[in-house]
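Report on the following structure.
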């Protein structure tokens, strides 16, 4: 980031986005924004939208790439299968985040479960010290993590594998 001053995302007006979480001054995680919310995201300072919903999923917007471009933002699509999240999906996500460290980013999925889990793993990837507090804060949309991991063991497995690989 070589001395560049980063613009911070302005959260005002974004509170109505589904399951929105202002993770840091440059990262928002959320559920699926509506078509009308993309211009507001741009006006709030978002430069890049990362969509983790698989193509063709009923929870997503078929024309999201066009909506994001029309609003003046960059777009990355990494379709993560809820039932089978993979290390390859995570690697692609981390590569996009690493390549865009100078950008203010919205990471979203349908309900902010995929997005918040991947953001948590990004924090670890960038050197954050792991703790229950960090995980619970980053993955707050999940609510009770212990219960969530029992219900969705595929996500617990992915997270534990990623932590061991660090």
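Numbering (this note's numbering), first residue to last: 1246 to 1411.
Using N, Cα and C, we set each Cβ at its ideal position, and we do this for glycine too.
(request) Note down, in chain order, each residue of its chain lying with its Cβ closer than 7 Å to the Cβ of residue 1360, except the 5 sequence neighbours on either side. (result) 1274, 1275, 1297, 1352, 1353, 1354
(request) Please report the Cβ distance between residue 1348 and residue 1293, rounded to the nearest whole angstrom; I am assuming they are in contact, meaning their Cβ atoms lie under 8 Å. (result) 5 Å
(message) Short of 7 Å in beta carbon distance, which residues of its chain neighbour residue 1345, apart from the five on each side in sequence? Order them along the chain.
(response) 1293
(request) Compare the C-alpha of residue 1338 against each of 1327, 1367, 1357 and name the closest. (result) 1367
(request) Classify residue 1246 as helix, strand or coil using the three-state DSSP reduction. (result) At residue 1246 the pLDDT is 39, less than 50, meaning the model places this residue with poor confidence and gives no usable figure here.
(message) If you reduce the DSSP assignment to three classes, tell me which class residue 1293 lands in.
(response) strand
(message) According to DSSP, simplified to helix, strand and coil, what is residue 1259?
(response) coil
(request) Pick out whichever of 1357, 1331, 1312 has its Cα sitting closest to the Cα of residue 1268. (result) Taking only the C-alpha atoms, the option nearest residue 1268 is 1357.
(request) Name, in chain order, the residues that DSSP records as bridge partners for residue 1320. (result) 1294
(message) Using the Cβ count rule (16 or more neighbours within 10 Å means buried), how would you classify residue 1383?
(response) buried
(message) Short of 7 Å in beta carbon distance, which residues of its chain neighbour residue 1309, apart from the five on each side in sequence? Order them along the chain.
(response) 1296
(request) Inspect the beta-carbon positions of residue 1319 and residue 1277 and report whether they are closer than 8 Å. (result) no
(request) Can you tell me which of the three DSSP states residue 1202 falls into? (result) Because the chain is modelled from 1246 through 1411, residue 1202 falls outside the range shown and cannot be assessed.
(request) Count the other C-beta atoms from every protein chain shown that fall within 10 angstroms of the C-beta of residue 1398, then say buried if there are 16 or more, exposed otherwise. (result) With fewer than 16 other Cβ atoms within 10 Å, it is exposed.
(message) I need the straight-line Cα distance from residue 1389 to residue 1333, nearest angstrom please.
(response) 27 Å
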